[in-house]
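A.B. asks: Going by my numbering, the sequence shown opens with residue 1225, and the numbers climb by one from there. Just so you know, even glycine gets a beta-carbon here, dropped at the ideal spot from N, CA and C.
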Amino acid sequence: MKRDVMLVMILLMAIVSCQQQVKKDGADNSGAMQKDTVFVKTVLATSKDLACGMSVTADVADTAHYNGKVYGFCSPDCKKGFQSDPETYLAQ
């Protein structure tokens, strides 16, 4: 009997403390996504990584913006190489 009373008390304390955490948070994240949210597909300037020549049509690890165009790269290292001298890579 004493054990049952202790178990009920512990359960009540757990329920009350969980409810208090929700009240403290105050954020209402239960709403649906806004209908006016638009996701734009980025069109890459080339289908190949300019640094190594690898195709980036299936998977792009990183991108760089240069002269109003978006270039895709297979790795951050290729992006760094391109950013160090973009004109050299674009001339190839």
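Can you round the beta-carbon distance between residue 1269 and residue 1306 to whole angstroms, since I take them to be within the 8 Å contact cut?
C.D. replies: The pair is not a contact, with the Cβ atoms about 11 Å apart (cut-off 8 Å).
A.B. asks: Using the Cβ count rule (16 or more neighbours within 10 Å means buried), how would you classify residue 1277?
C.D. replies: Exposed: under 16 other Cβ atoms inside 10 Å.
A.B. asks: Confirm, please, whether the CB-CB distance from residue 1286 to residue 1303 is below 8 Å.
C.D. replies: The answer is yes: Cβ separation under 8 Å.
A.B. asks: Mapping the DSSP letters down to three states, classify residue 1265 as helix, strand or coil.
C.D. replies: Correct three-state label for residue 1265: coil.
A.B. asks: Which residues does DSSP pair with residue 1286 in a beta bridge?
C.D. replies: For residue 1286, which the question treats as bridged, DSSP gives the partners 1297.
A.B. asks: Using three-state DSSP, classify residue 1259 as helix, strand or coil.
C.D. replies: Correct three-state label for residue 1259: coil.
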